[in-house]
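Structure, as structure tokens:
Protein chains in written order, with my numbering: chain A, 1147 to 1669; chain B, 287 to 398.
The following block contains the structure:
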């Protein structure tokens, strides 16, 4: 046994330990506090990257907590796993990669961004907890633990959205998010409890091997699907998102983007791995496609008329999630079209790869856009685009990095956003020509929207009140630079990322038997 | 090839596009070089021409605010925006209601 075997445990243990050690570390002063924050986030990033490497090389990683042996999934006499169990395949590790990167970049940015404010202990503890929740959601192989991690990330995010508690808007945004989230959490718990009541199992692999299509299963799937679609911001359940994204500190919003992606992971895992008996008919695929198209179109329509920069980006998040739902819905339809051996039609595999590519792209360029918005707020003291202008002269680095992210999210060639959208257009065309048409209209409106933001904030004459504005500190620029570099790498080497990441992740998602075998052995 | 991607439907090579941009940029710079060469910095030629009017000192007075951008689009789509604005009422009870109704609809679709 070596320490590599315990990477799944370290993944959650490090940020969780960080959350509880924060008050202690913060008592040694500002430098120690910042060093502690960055050290733990860097360790989380390293573990996340090592896990990526391990799963892409070795298939599915399983880790059992609290057992006599961390690899013993079925103690003698047991038919199904009962302990807390992590199960990470290439699909899960893709999300872990995104979350750990975004968490690190957001933390680096926040060191100087949040320096003007008090409440650092609360901020750091909640930030660590939110990271723990998101990573746990992507790593767990157990439905109830998934619920627990959803709650950990949700409760931490309520606190972080309301971090500036002297602002009524922050409290309102947090309250709305909390209210609907708790209704959703109850429904999720009812669905999981129902499955447990019938099958006496909570392990995802075990459930997948047993689950048949019946009324209870269909109701459970509907509840889980709705709740996770709500969590990732699908229309018409998106209403919490613009408020929460706008009011949270920017480093937190960068992480919130990937937390919503962890919910997306759960949604896709449930549809592809646990409930294929129910999703085979094609209805669920069409539900995902419908949610995706509505999210894309209505999200961007709302975004294009906003003039509060983070709110505008919040609406764009809804439309970007729409692309992913569309892609994975098309993949699910193609899986229904495939034969009973679990093969998938070619357009479906392209859709899935495009959708997963878009998940990673979105995590990086959207996080970067929110950090740029934070930099503008830090420098100008406003989020209102009407009050900005001519900032490219005083903030050239921020302007440059914003331009990269805006071009990527708008799907301008040769940026990475174009490549993933192009794969989604191609594959969804095989289902119906209207689907890529909606996606392309959304892309055009996204470009229009970000052209407006760039023109309003960075171009034109400087505003009299903003003549003293200077570029943000290096620490904040470094946080943004990490995400810019990742966006550019995805732009320049899409073939490498496709071969080593997205292809493996899509195939892992389709390999349901492999996922089940990793826990239940030869059953 | 790290920069090349085949989707089964088509082919993408980022460096082909970058070469295209380099060639187009060269062409643009060549066209620019054909322009007038008598521009002088720090003279009246640097002054902003604003329809013959005096240029205000504050840039805010001569720029189109972001909230006015795409005004025509917004007016043309007014019926849709009226519905969308009403939908985003800001009322938490409404939002919880939308969620519950959507869950019910998805439930019906999955069930039948």
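C-beta: ideal position from N, C-alpha, C; glycine also.
Computed from a prediction, not measured in an experiment: that's the story for all the values here.
Check                                                                                                                             : Outcome
Reference residue 1420 (chain A), options A:1572, A:1474, A:1355 and A:1445, closest by Cα                                        : A:1355
contact_flag[the segment 1258 to 1277 of chain A, the segment 297 to 309 of chain B] where n(CB pairs < 8 Å) is 3 or more         : no
Exposure of residue 1486 (chain A), with buried meaning 16 or more beta-carbon neighbours within 10 Å                             : The predicted position of residue 1486 (chain A) is uncertain, since its pLDDT is 49 and thus under 50; a value taken from the coordinates is nonetheless stated next. With fewer than 16 Cβ atoms within 10 Å of its Cβ, residue 1486 (chain A) is classed as exposed.
Residue 393 (chain B) versus residue 1364 (chain A): straight-line alpha-carbon distance, rounded                                 : 8 Å
Alpha-carbon to alpha-carbon, residue 358 (chain B) and residue 1377 (chain A)                                                    : 34 Å
Interface flag, residue 331 (chain B) vs chain D, CB-CB below 8 Å                                                                 : Annotation note: the requested chain D is absent from the structure, which comprises protein chains A and B.
Helix, strand or coil at residue 1650 (chain A) according to DSSP, with G and I counted as helix                                  : helix
For residue 1465 (chain A) and residue 305 (chain B), the rounded distance between their alpha carbons                            : 31 Å
Residue environment, residue 1174 (chain A), which counts as buried when at least 16 other CB atoms sit within 10 Å               : exposed
Residue 1376 (chain A): contacting residues in chain B (beta-carbon distance under 7 Å)                                           : 385
Backbone secondary structure at residue 1345 (chain A) - three-state DSSP                                                         : helix
Touch test, the segment 1494 to 1508 of chain A against the segment 1471 to 1486 of chain A, Cβ-Cβ under 8 Å, three pairs minimum : yes
CB-CB length for residue 1516 (chain A) against residue 1399 (chain A), believed under 8 Å                                        : 4 Å
Residue 1670 (chain A) - DSSP class collapsed to helix/strand/coil                                                                : In the structure as shown, chain A starts at 1147 and stops at 1669, and residue 1670 (chain A) therefore has no counterpart that could be examined.
Closest residue to residue 1352 (chain A) among A:1574, A:1504, A:1550 and A:1226 (Cα-Cα distance)                                : A:1226
8 Å Cβ cutoff, residue 336 (chain B) in contact with chain A                                                                      : no
Status (buried if at least 16 other CB within 10 Å, exposed otherwise) for residue 1212 (chain A)                                 : exposed
Spatial neighbours of residue 1290 (chain A) in its chain, beta-carbon cut-off 8 Å, leaving aside the 5 residues before and after : 1338, 1342 and 1348
Buried versus exposed call for residue 1151 (chain A) [16 or more other C-beta atoms within 10 Å across all chains shown]         : exposed
Pairwise C-alpha distance: residue 1194 (chain A) and residue 1281 (chain A)                                                      : 9 Å
Own chain partners of residue 291 (chain B) with C-beta closer than 8 Å, once the 5 adjacent residues on each side are dropped    : 297, 298 and 299
Residue 1286 (chain A) (DSSP reduced to helix, strand or coil)                                                                    : strand
Same chain only: Cβ atoms within 7 Å of residue 1344 (chain A), ignoring 5 sequence neighbours per side                           : 1362
Under 7 Å (Cβ pairs) to chain A, residues found in the segment 287 to 319 of chain B                                              : 287, 288, 289, 290, 291, 293, 294, 295, 296, 298, 300, 303 and 304
Cβ-Cβ distance between residue 1412 (chain A) and residue 1472 (chain A) below 8 Å                                                : no
Proximal residues of chain A, C-beta to C-beta of residue 360 (chain B) below 8 Å                                                 : 1451
Residues near residue 1333 (chain A) by beta carbon distance below 6 Å, same chain, minus five either side                        : 1369 and 1373
Beta strand (DSSP E) segment containing residue 297 (chain B), residue limits                                                     : 297 to 299
Alpha-carbon spacing of residue 1660 (chain A) relative to residue 1206 (chain A), whole angstroms                                : 8 Å
Any C-beta of chain A under 8 Å from that of residue 365 (chain B)                                                                : no
Span of the beta strand (DSSP E), counted from its first residue to its last, around residue 330 (chain B)                        : Segment: none, residue 330 (chain B) is in no beta strand (DSSP E) and carries neither H nor E.
Proximal residues to residue 1503 (chain A) (C-beta, below 6 Å), its chain only, five neighbours per side dropped                 : 1566 and 1648
Counted within 10 angstroms of its Cβ, other Cβ atoms place residue 326 (chain B) as buried (16 or more) or exposed               : exposed
Residue 1462 (chain A), buried or exposed, once every other Cβ within 10 Å from all chains shown has been counted against 16      : buried
Where the alpha helix (DSSP H) through residue 1403 (chain A) begins and ends                                                     : 1396 to 1415
Buried/exposed call for residue 366 (chain B), threshold 16 Cβ in 10 Å                                                            : exposed
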